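Undergrad: A single structure is presented below for examination.
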Amino acid sequence: METRHGVGTFVLDMPPPEGFSVGPATIASVADVLNLLEFRLSLEVEAAGLAAQRRSPEALLELKRAFDALLEGPQKSGTTINADFQFHLKIAKASGNAYLIDIMKHLGTKLIPRTRMNSAYTGQSDRSAYLAGINAEHRQIYNAIAEGNVDAARAAMYLHLNGSRMRLRRTQALYSD
Numbered sequence: 002m003e004t005r006h007g008v009g010t011f012v013l014d015m016p017p018p019e020g021f022s023v024g025p026a027t028i029a030s031v032a033d034v035l036n037l038l039e040f041r042l043s044l045e046v047e048a049a050g051l052a053a054q055r056r057s058p059e060a061l062l063e064l065k066r067a068f069d070a071l072l073e074g075p076q077k078s079g080t081t082i083n084a085d086f087q088f089h090l091k092i093a094k095a096s097g098n099a100y101l102i103d104i105m106k107h108l109g110t111k112l113i114p115r116t117r118m119n120s121a122y123t124g125q126s127d128r129s130a131y132l133a134g135i136n137a138e139h140r141q142i143y144n145a146i147a148e149g150n151v152d153a154a155r156a157a158m159y160l161h162l163n164g165s166r167m168r169l170r171r172t173q174a175l176y177s178d
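Everything in the sequence shown is counted per the numbering used here, starting at 2 for the first residue and increasing by one.
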C-alpha cells in the first residue's frame, strides 16, 4: 500500500520473487528428485493431452524422431538421458504452449531422474530390462499422441512419470535399510 497525500491510497504490485531455480543445489536428495517428479506430473500430463489434441504433422514427425533416437540411444551413445529429455521437450513443443516449452527448456536434462540419481535403476536386476520398460512407456505416450487420443496420452504420461516415482521409491527403500 502506498498513500499519496491529497491523492489517495494505492495497492502496489508485489515485489517479484527470486527467480525460479532448479539445479544441483536444489536437487540434492532423493526427496528432491521425488518432488521434481511430482512437479513434472502437474505439467507433463496436461502437455501430453494438449500434444495429442494440437499436434501438427511437423510436430509429430519431430516427436517420432525423438522417440527413435531414444530407442537407439544405448547402442549409439551408451546413454538415453539427452534423448529422453528431447522426447519430453518435443511433447511440450507439440502442445503449442510456449510456457510449457519454456519450463521444459529451463529444466533441461535435470528433469530426468537418472541424471540426479545414478541408482534410479539399481533396484532393477537388469539395466536393459529397465530401459525396455521405460521405452515401452514412451511408446505408449507416443502412440497416444500420434493417434490424437487426448485421454490416453494423459494416462500414458501419468503412468510413465508415476512409474518413475515408484521405481525411485523402491530403490530408495532398498538402500535406506
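Glycine included, every Cβ here is placed at the ideal spot set by N, Cα and C.
It should be emphasised that the depicted structure is a prediction, and the values quoted were computed from it without experimental measurement.
Tell me the rounded alpha-carbon separation between residue 45 and residue 3.
TA: Position 44 of the sequence shown, counted from the first residue, corresponds to residue 45. Position 2 of the sequence shown, counted from the first residue, corresponds to residue 3. Per the coordinates, the alpha-carbon of residue 45 lies some 41 Å from the alpha-carbon of residue 3.
Undergrad: Looking at the secondary structure, which residues open and close the alpha helix (DSSP H) in which residue 5 lies?
TA: For this step, residue 5 is matched to residue 4 along the sequence shown. No alpha helix (DSSP H) holds residue 5; the beta strand (DSSP E) holding it covers 3-5.
Undergrad: Could you give the C-beta distance for residue 82 and residue 94, rounded to a whole number, given that I count them as a contact under 8 Å?
TA: The residue you call residue 82 lines up with position 81 of the sequence shown. The residue you call residue 94 lines up with position 93 of the sequence shown. About 19 Å; that fails the 8 Å criterion.
Undergrad: With C-beta atoms as the reference, is residue 84 less than 8 Å away from residue 146?
TA: Working through the sequence shown from its first residue, we reach residue 84 at position 83. Working through the sequence shown from its first residue, we reach residue 146 at position 145. It is not a contact, given that the beta carbons lie outside the stated cut-off.
Undergrad: What is the rounded straight-line gap between the Cα of residue 55 and the Cα of residue 162?
TA: Residue numbering aside, residue 55 sits at position 54 when the sequence shown is read from its first letter. Residue numbering aside, residue 162 sits at position 161 when the sequence shown is read from its first letter. When rounded, the distance between both Cα atoms is 22 Å.
Undergrad: Could you check where the alpha helix (DSSP H) with residue 85 kicks off and where it finishes?
TA: Working through the sequence shown from its first residue, we reach residue 85 at position 84. Per DSSP, the unbroken alpha helix (DSSP H) holding residue 85 starts and ends at 82-96.
Undergrad: What is the residue span of the alpha helix (DSSP H) that residue 104 lies within?
TA: Within the sequence shown, numbered from 1, the residue matching residue 104 stands at position 103. Residues 99-108.
Undergrad: If you draw a straight line from the alpha carbon of residue 135 to that of residue 50, how long is it in whole angstroms?
TA: Taking the sequence shown and counting its residues from 1, one reaches residue 135 at position 134. Taking the sequence shown and counting its residues from 1, one reaches residue 50 at position 49. So the alpha carbons of these two residues sit roughly 19 Å apart.
Undergrad: With 16 as the cutoff for other CB atoms within 10 Å, does residue 5 come out buried or exposed?
TA: On the sequence shown, residue 5 is found 4 positions in, with the first residue counted as 1. Here residue 5 is exposed. Its C-beta has fewer than 16 other C-beta atoms within 10 Å.
Undergrad: Is the stretch 61-69 touching the stretch 142-159 in the sense that three or more CB pairs, one from each, lie closer than 8 Å?
TA: Because the criterion of three Cβ pairs below 8 Å is met, the stretch 142-159 and the stretch 61-69 touch.
Undergrad: Enumerate in chain order the residues of its own chain whose CB-to-CB distance from residue 80 is below 7 Å, with the five nearest sequence positions on each side excluded.
TA: In the sequence shown, counting from the first residue as 1, residue 80 sits at position 79. Cβ neighbours of residue 80 beyond the five flanking positions: 74.
Undergrad: By Cβ distance below 8 Å, which residues in the same chain neighbour residue 87 in space, the five residues on each side in sequence not counted?
TA: Taking the first residue of the sequence shown as 1, we reach residue 87 at position 86. If we look at residue 87 and ignore the five residues flanking it on each side, its Cβ neighbours are 67, 70, 71.
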